[in-house]
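Report on the structure given below.
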Amino acid sequence: MIRVIFGEDEYSVATRVRELRNEAAGDAGMGDANVSAFEGERVTIDQLLQAAAAMPFLAEKRVVIVSGLLGRIDNPTGGRRNARAGAPRAKIDVARLTESIQALPSTTELIFADGALRKNGAGLRAAGPGARIEEYPRKKGKDLLDWIAGRFAMEKARASPAAVTRLAELVGDNTRALDQEIRKLATYAGEAPVQSDDVDLLVAPAREANVFVAVDAVLERRPAVATRSFYVLMAGGQSVQSIIALIGSQVRKVLIARELLDSGMNPVTDREEMAARLGISTGFPLQKTVDQARRFQPAYMAGTMRRLLEADVAIKNGQLEERLALELLAARLSSGG
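Here this note's numbering is used: the first residue of the sequence shown is 840, the next is one more, and so on.
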């Protein structure tokens, strides 16, 4: 049997492959003796076929997992980064691969695991017409909310609809990150239902959201709103100096995001690369950072960085009570000077 398990939902792809691997390993109690796994970037066709042609040891089935090979076939230049670097991959004899895997023993289950593949591209065609196709696209809207609620149920936990929605807003459609947050929330809540306040308390992007509010207020020169947002951050355990560092870090990310946008990068099609360059996740943090980058000119943000430094120096040089220091920080950052 040949399976192709692919899609932009990397976590769901990995989960499905793990299920099949564990099933094969557990059926005969032989562990991974009948499981072979290869990385598509390095495996040769000969290595793959040799492993796939082997008979299972004291079991009914042998599983061979190849990650990334069909994507390599689909995009021989290696994608945006390798193409820019001028480092094309070695060619693969796709015709030989397709023909050979059709003749594998019936005791072999060959699993191709990949990210996004073109619907009628060379990658999917290489698996042959009889391959079982399982696609896991990014979850959106109601599908995402249902998935989150289902994951809470798998953890034997309950979450209010508001908590589910809030978690989706903060983390986005990154199911791997959502899984980690759901486990944490389920442990924290115990037998009580998870509420939206729990999400705001425990989920890291909730703290990031408060930073975004503060940066918006600073860039829009709204000192009253900036002061309130600073107090929210302080209530969450941040000192005046750490608030300055948080705002400075976000403004720098906004400047970098603006450079990436000006260079032609698309926050939808290139979001994985943009997020990696910025050091943030692809959900709410990327969306908000790109929004801020589009709204404010680089020279204006550079001026904000200068005022941030001035405020930092003034606070460090003065023996100020924290409330006064916060108000001074908001006034300095929101000024037009």
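Glycine included, each C-beta is placed from N, C-alpha and C at the ideal position.
Burial state of Gly962 (16 or more Cβ within 10 Å): For the purposes of this step, residue 962 is taken as residue 123 along the sequence shown, with counting starting at 1. Label assigned to Gly962: buried.
Beta-carbon separation of Phe877 and Val902 under 8 Å? Taking the sequence shown and counting its residues from 1, one reaches residue 877 at position 38. Taking the sequence shown and counting its residues from 1, one reaches residue 902 at position 63. Going by C-beta atoms, Phe877 is not nearer than 8 Å to Val902.
Does the beta-carbon of Gly969 have 16 or more other beta-carbons within 10 angstroms, so that it is buried, or is it exposed? Position 130 of the sequence shown holds residue 969. Gly969 is exposed by the Cβ-count criterion.
If I measure Cβ to Cβ from Ala1053 and keep anything under 7 Å in the same chain, skipping five residues before and after, which residues do I get? Residue 1053 sits at position 214 when you count from the first residue of the sequence shown. Answer for Ala1053: Ala1065, Ser1068, Phe1069, Leu1072 and Ile1086, listed in chain order.
Could you compute how far the alpha carbon of Gly967 sits from the alpha carbon of Val1010? For the purposes of this step, residue 967 is taken as residue 128 along the sequence shown, with counting starting at 1. For the purposes of this step, residue 1010 is taken as residue 171 along the sequence shown, with counting starting at 1. Each residue's alpha carbon lies about 37 Å from the other.
Below 8 Å on the Cβ atoms is my guess for Ala988 versus Ile1083; work out the distance and round it to an integer in Å. For the purposes of this step, residue 988 is taken as residue 149 along the sequence shown, with counting starting at 1. For the purposes of this step, residue 1083 is taken as residue 244 along the sequence shown, with counting starting at 1. That belief does not hold up - the Cβ atoms of Ala988 and Ile1083 are roughly 39 Å apart, past 8 Å.
Who are the Cβ neighbours of Glu1111 in its own chain at under 7 Å, not counting the five residues just before and after it? As a first step, residue 1111 is located in the sequence shown; it is residue number 272 there, counting from the start. Setting aside the 5 residues that flank it on each side, Glu1111 is surrounded in the same chain by Thr1121, each with a C-beta closer than 7 Å to its C-beta; the list follows chain order.
Enclosing beta strand (DSSP E) for Ala1084 [first to last residue]: As a working note, residue 1084 is residue 245 in the sequence shown. Unbroken run through Ala1084 is the alpha helix (DSSP H), Val1079 to Asp1101; no beta strand (DSSP E).
Once the 5 residues before and after Ile884 are set aside, which same chain residues still bring their CB inside 8 Å of it? In the sequence shown, the residue the question calls residue 884 occupies position 45. Cβ within range, chain order: Ile931, Asp932, Arg935, Leu936 and Ser939.
Is the number of C-beta pairs between the segment 1132–1151 and the segment 1012–1030 that are closer than 8 Å three or more? The answer is no - the segment 1012–1030 does not touch the segment 1132–1151, with fewer than three Cβ pairs under 8 Å.
Which residues share a DSSP beta bridge with Glu974? Reading the sequence shown from its first residue, position 135 is the one you call residue 974. Under DSSP, Glu974 shares a beta bridge with Phe845.
Mark Ile1127 as exposed unless 16 or more other C-beta atoms lie within 10 angstroms of its C-beta, in which case mark it buried. The residue labelled residue 1127 in the question sits at position 288 within the sequence shown. At residue 1127 the sequence reads Lys, which differs from the Ile that was named. Burial call: buried.
Could you tell me the alpha carbon to alpha carbon distance between Ala1170 and Asn1049, rounded to whole angstroms? Residue mapping note: residue 1170 aligns to position 331 of the sequence shown, counting from 1. Residue mapping note: residue 1049 aligns to position 210 of the sequence shown, counting from 1. Answer to the nearest angstrom: the Cα atoms are 18 Å apart.
Minimum C-alpha distance to Glu974 - residue among Arg957, Ile912 and Leu1117: Numbered from 1 along the sequence shown, position 135 holds the residue referred to as residue 974. Measuring from the Cα of Glu974, the nearest candidate turns out to be Arg957.
Alpha carbon to alpha carbon, what distance is there between Ala1153 and Asn914? Translated into positions along the sequence shown, residue 914 becomes position 75. Translated into positions along the sequence shown, residue 1153 becomes position 314. C-alpha separation (whole angstroms): 54 Å.
I'd like to know whether the C-beta atoms of Pro944 and Arg997 end up nearer to each other than 8 Å. One-based indexing of the sequence shown puts residue 944 at position 105. One-based indexing of the sequence shown puts residue 997 at position 158. Remark: C-beta atoms of Pro944 and Arg997 do not approach each other more closely than 8 Å.
Roughly how many angstroms separate the alpha carbons of Leu1125 and Met1113, rounded to a whole number? Here the question's residue 1125 lines up with position 286 in the sequence shown. Here the question's residue 1113 lines up with position 274 in the sequence shown. Cα to Cα, the separation comes out at about 8 Å.
CB Ala1132 to CB Val1093, shorter than 8 Å? In the sequence shown, the residue the question calls residue 1132 occupies position 293. In the sequence shown, the residue the question calls residue 1093 occupies position 254. Taking 8 Å as the cut-off, the Cβ atoms of Ala1132 and Val1093 count as close.
Based on Cα-Cα distance, which residue from Leu1147, Glu1166, Glu1098 and Ile841 lies nearest to Ile950? If you number the sequence shown from 1, residue 950 lands on position 111. Looking at the Cα atoms, Ile841 is the closest of the given residues.
Sort Arg1134, Ser1102, Ile1095 and Phe1123 by Cα distance to Lys1116 and report the nearest one. If you number the sequence shown from 1, residue 1116 lands on position 277. Checking the displayed sequence, the identity of residue 1116 turns out to be Arg instead of Lys. Nearest of Arg1134, Ser1102, Ile1095 and Phe1123 to Arg1116, Cα basis: Ile1095.
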